[in-house]
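These notes concern the structure reproduced below.
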Amino acid sequence: MFKKKPNIKPLAPLKSSDRRRTADQIIADFGLEVPVDASPSAAADADAGAGAGAGGDHQPASSSSTTAGLTALRRALLPDNALSARFTTTAGPDLKQVSGTVYVGSHEGTAGEQRILWVKAFDKMYPTVYTLWHNPRIVPLLHTPLVVVEKLQAGADLMTPGLQRGPPFPKKATKGAIVAVASLEAPTVPMAVGSCEIDVSALDKVQGVKGQAVSTFHWAGDELWSWSSSSKPGGEPPDILPAWGEERDDDASLAERTATLDLDNQEGGVALDNHLAERSDAERAQEVEGEDAPSNHDFVDVVDEKELTTKEIDDAFKNAFLYGVRQHMQQNKDQPSYGLDFPLSQSHVMSQLVQPYLPAYTPARAASLQIKKSSFKNIRKFIRHLDKQQIAKCKDRDGNEVVIVDIDFNDRQITAFVPYRLPKKDSPGATNATGRTPAPTAAESSVGQKLKLVSLLRPKEKLAPILHASKADPRGLYTPAELKQLLLAYVEAEKLIDPKNKRLVSVNPQIADALLGTSAADNAALSSGSMPRDALAERMVAASSPFHAILRNDAAVADAKPKAGSPPKIQITLETRSGNKTVSKVHGLEPYYIAPQPLADELRKTCAGSTSVDKLQGSSPKNPVMEVMVQGPQKDAIIKALEKRGVHRTWVEVLDKTKKKK
Numbered sequence: 046m047f048k049k050k051p052n053i054k055p056l057a058p059l060k061s062s063d064r065r066r067t068a069d070q071i072i073a074d075f076g077l078e079v080p081v082d083a084s085p086s087a088a089a090d091a092d093a094g095a096g097a098g099a100g101g102d103h104q105p106a107s108s109s110s111t112t113a114g115l116t117a118l119r120r121a122l123l124p125d126n127a128l129s130a131r132f133t134t135t136a137g138p139d140l141k142q143v144s145g146t147v148y149v150g151s152h153e154g155t156a157g158e159q160r161i162l163w164v165k166a167f168d169k170m171y172p173t174v175y176t177l178w179h180n181p182r183i184v185p186l187l188h189t190p191l192v193v194v195e196k197l198q199a200g201a202d203l204m205t206p207g208l209q210r211g212p213p214f215p216k217k218a219t220k221g222a223i224v225a226v227a228s229l230e231a232p233t234v235p236m237a238v239g240s241c242e243i244d245v246s247a248l249d250k251v252q253g254v255k256g257q258a259v260s261t262f263h264w265a266g267d268e269l270w271s272w273s274s275s276s277k278p279g280g281e282p283p284d285i286l287p288a289w290g291e292e293r294d295d296d297a298s299l300a301e302r303t304a305t306l307d308l309d310n311q312e313g314g315v316a317l318d319n320h321l322a323e324r325s326d327a328e329r330a331q332e333v334e335g336e337d338a339p340s341n342h343d344f345v346d347v348v349d350e351k352e353l354t355t356k357e358i359d360d361a362f363k364n365a366f367l368y369g370v371r372q373h374m375q376q377n378k379d380q381p382s383y384g385l386d387f388p389l390s391q392s393h394v395m396s397q398l399v400q401p402y403l404p405a406y407t408p409a410r411a412a413s414l415q416i417k418k419s420s421f422k423n424i425r426k427f428i429r430h431l432d433k434q435q436i437a438k439c440k441d442r443d444g445n446e447v448v449i450v451d452i453d454f455n456d457r458q459i460t461a462f463v464p465y466r467l468p469k470k471d472s473p474g475a476t477n478a479t480g481r482t483p484a485p486t487a488a489e490s491s492v493g494q495k496l497k498l499v500s501l502l503r504p505k506e507k508l509a510p511i512l513h514a515s516k517a518d519p520r521g522l523y524t525p526a527e528l529k530q531l532l533l534a535y536v537e538a539e540k541l542i543d544p545k546n547k548r549l550v551s552v553n554p555q556i557a558d559a560l561l562g563t564s565a566a567d568n569a570a571l572s573s574g575s576m577p578r579d580a581l582a583e584r585m586v587a588a589s590s591p592f593h594a595i596l597r598n599d600a601a602v603a604d605a606k607p608k609a610g611s612p613p614k615i616q617i618t619l620e621t622r623s624g625n626k627t628v629s630k631v632h633g634l635e636p637y638y639i640a641p642q643p644l645a646d647e648l649r650k651t652c653a654g655s656t657s658v659d660k661l662q663g664s665s666p667k668n669p670v671m672e673v674m675v676q677g678p679q680k681d682a683i684i685k686a687l688e689k690r691g692v693h694r695t696w697v698e699v700l701d702k703t704k705k706k707k
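The opening residue of the sequence shown carries number 46 in my numbering; numbering runs sequentially from there.
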């Protein structure tokens with residue numbers, strides 16, 4: 046549900062009474078047992094008024110040990126430093142708006158790192174993986190193979206045949222119950238949270254049973270997991286949590302249970318014939334294929350380390366286009382043209398319909414998956430190939446580009462297309478045994494950063510008398526709002542505000558010398574002896590020199606070194622080379638803490654075309670400005686990559702030199 050970043054309003058501290066009430070409600074909803082603390086000092090740590098539990102089922106006894114146990118449980122579920130905020134997001138193919146509350150805090154042993162611990166949505170309280178890693182067994186734990194967990198971390202739901210280590214399953218895993226999911230390879234580490242769509246505890250078999258078992262709500266790797274009060278990457282899961290392993294009291298080991306699983310002979314199962322053997326690990330684990338497989342459960346191809354042949358590259362790009370069209374058809378069934386807005390530009394086809402659906406290969410083979418290494422050589426010829434195949438209809442536009450004007454959604458190649466495995470998003474490498482995603486390298490540190498552009502003003506010398514009278518530094522740096530406040534403080538101290546009209550300020554010699562000129566409006570103000578306060582404030586801003594500071598993450602203005610002049614803009618230039626070839630160039634990245642080479646590497650994969658990094662022509666040899674160039678009209682792809690690095694669209698300037706002059 047949180048594949049996209051939710052809109053979280055400013056956090057506010059949670060009152061002690063609200064924290065206790067919320068924690069008591071969690072204890073009641075999840076049927077948690079209140080521990081008894083027999084230590085002599087237990088009573089001293091009890092919360093004030095801890096005697097009333099929510100729901101009536103968990104009212105503690107009057108003894109200090111029970112009260113201390115309840116206090117400890119409350120703090121474990123919802124720490125004393127908890128904050129809360131409202132959030133909004135969208136869910137489902139129709140992008141239905143969802144709102145709720147997030148609860149933020151830090152557990153002991155996390156060095157004060159605040160994370161989202163609970164989410165209240167759909168009138169339910171959902172724990173995040175951070176809460177589960179510190180509070181074992183508060184929800185039932187289900188298991189599935191690691192390859193399926195990786196699909197859950199891409200937003201998929203858990204199908205019934207994907208359930209492992211049962212039956213029997215946990216008794217509390219009833220329909221509507223909140224459950225956690227772990228992999229068989231790391232069975233004590235919850236990696237996803239969801240709600241049961243069926244009564245899992247009542248299942249007497251899973252093979253051959255169709256349908257959803259768990260609707261995924263949150264997982265390690267989504268936007269809730271990645272949120273941090275200090276903008277740090279999401280926390281890595283532990284290697285093992287022994288307390289979660291105590292949930293099952295049967296003496297059959299995991300190896301013994303999985304060794305006895307016979308997919309060939311189990312009643313209601315599906316035989317592993319040659320057709321099944323060609324299916325992916327995720328498919329086999331969940332006993333789904335073809336039309337029965339959800340679109341976001343992938344299929345695995347077995348490949349070696351040899352470089353892809355030209356035919357394999359051709360097929361990969363064509364299949365990716367079919368996959369992209371099929372995905373639009375499934376997700377936008379009720380929209381005209383399945384949500385596609387014709388005509389489709391070359392860059393849109395590549396960035397939205399092809400590149401996200403290129404198949405997964407080993408890194409060595411994926412390096413050769415470039416459009417220039419195909420027989421098409423470029424996206425324009427690839428689109429014309431689709432036209433010859435009668436999959437799509439295209440036409441030339443502006444002499445330099447080919448656009449798709451229609452797609453035959455009933456073409457057999459589209460309707461008969463079978464999905465395959467997609468690479469893990471934002472992570473070219475494999476995950477480890479716990480399903481954790483590798484942390485970003487130093488070169489990629491700009492991805493996910495938060496940038497703030499602050500405009501500052503330095504008053505000119507003629508404003509010094511006003512600033513001295515306001516007890517302000519005449520050579521300091523101020524925001525426009527701060528300058529206006531200094532002017533207001535000055536006119537109030539000098540008693541220059543007109544008593545009949547507080548919006549008018551009497552013009553004294555200092556104001557006349559510092560802020561007024563020879564214009565007709567200024568002459569009229571001198572004649573009348575007064576001037577509107579807002580007009581004087583505008584003149585004070587105009588009489589200052591502009592400075593700017595670009596702040597990264599939680600940096601403060603006091604720690605930055607503001608630079609003179611207006612804030613620079615990142616320049617994107619589209620131009621034509623070698624007659625009719627379009628290239629896109631971008632420079633001005635360094636002030637925004639963006640390293641050119643990692644950006645070029647990402648654009649090479651996103652745009653499936655060659656990229657290069659070189660010095661901008663005319664830049665200083667001592668302090669060179671680097672320029673990234675990518676083949677094709679890739680303005681949208683570049684802006685999207687910049688937004689991932691905290692750059693706002695208004696900070697980008699686009700110059701299109703490919704348009705013909707009128």
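Idealized CB from N, CA, C, for every residue including glycine.
Could you tell me the boundaries of the alpha helix (DSSP H) in which residue i lies?
i: SER62; result: 61–74
i: ARG371; result: 355–376
i: SER271; result: 268–271
i: THR460; result: 457–460
i: PRO510; result: 509–514
i: PHE421; result: Unbroken run through PHE421: none, as it is neither H nor E.
i: LYS685; result: 680–689
Classify residue i: buried if its beta carbon has 16 or more other beta carbons within 10 angstroms, exposed otherwise.
i: PHE362; result: buried
i: PHE387; result: exposed
i: ALA338; result: Below a pLDDT of 50, predicted positions are generally treated as unreliable, and ALA338, at 46, falls in that range; no measurement from the model is reported.
i: GLU647; result: buried
i: PHE167; result: exposed
i: ASP709; result: Since the first and last residues shown for the chain are 46 and 707, residue 709 lies out of range.
i: ASN180; result: buried
i: THR656; result: buried
i: GLY390; result: First, the residue type needs correcting, since residue 390 is Ser and not Gly in the sequence shown. By the neighbour-count rule (16 or more Cβ atoms within 10 Å), SER390 is buried.
i: GLU195; result: buried
i: VAL692; result: buried
i: VAL697; result: buried
i: PRO483; result: With a pLDDT of only 39 at PRO483, under 50, the local geometry of the prediction cannot be trusted, and no value is derived from it.
i: ASP125; result: exposed
i: ILE511; result: buried
i: PRO554; result: exposed
Taking the Cβ atom as the reference point for each residue, do residue i and residue j lie within a distance shorter than 8 Å?
i: VAL447; j: ARG425; result: yes
i: VAL224; j: PRO287; result: no
i: CYS652; j: GLY633; result: no
i: VAL699; j: ILE617; result: yes
i: VAL550; j: LEU581; result: yes
i: ASN364; j: PRO401; result: no
i: ALA218; j: VAL245; result: yes
i: ARG210; j: TRP289; result: no
i: GLN530; j: ARG597; result: no
i: ARG64; j: ALA127; result: yes
i: LEU31; j: SER129; result: Here the chain comprises residues numbered 46 to 707, so residue 31 is not present and cannot be evaluated.
Contact check, residue i vs residue j under 8 Å by CB: the rounded distance?
i: ASP359; j: SER420; result: 5 Å
i: GLY369; j: GLN415; result: Actually they do not touch by this definition, with Cβ atoms about 18 Å apart.
i: VAL174; j: VAL226; result: Not a contact, Cβ separation roughly 10 Å.
i: LEU123; j: ILE72; result: In fact, because the Cβ distance is near 10 Å, the residues do not count as touching under 8 Å.
i: GLY256; j: TRP270; result: About 27 Å; that fails the 8 Å criterion.
i: GLY114; j: PHE132; result: Not confirmed; about 32 Å, so no contact.
For the beta strand (DSSP E) holding residue i, just list the boundary residues, first then last.
i: TYR175; result: TYR175 -> not in any beta strand (DSSP E); alpha helix (DSSP H) instead, spanning 174–179.
i: PHE592; result: 589–597
i: GLU14; result: The structure shown does not extend to residue 14, since the chain spans only 46 to 707, so no value can be given for it.
i: ARG622; result: 615–622
i: ALA227; result: 223–228
i: ASP13; result: Outside the displayed range of the chain (46 to 707) lies residue 13, so it cannot be described from this structure.
i: ASP386; result: First-last for ASP386: undefined, no H or E at that position.
i: ARG131; result: 128–136
i: GLU446; result: 446–452
Less than 8 Å between CB atoms is the rule here; does residue i satisfy it with respect to chain D?
i: ALA594; result: In the structure shown, chain D cannot be found, because there is only a single protein chain.
If we require 3 or more residues per run, which beta strand (DSSP E) segments fall completely within the stretch 532–560?
549–551
Which runs of the alpha helix (DSSP H) fall wholly inside the stretch 599–664 and span at least 4 residues, in chain order?
641–651
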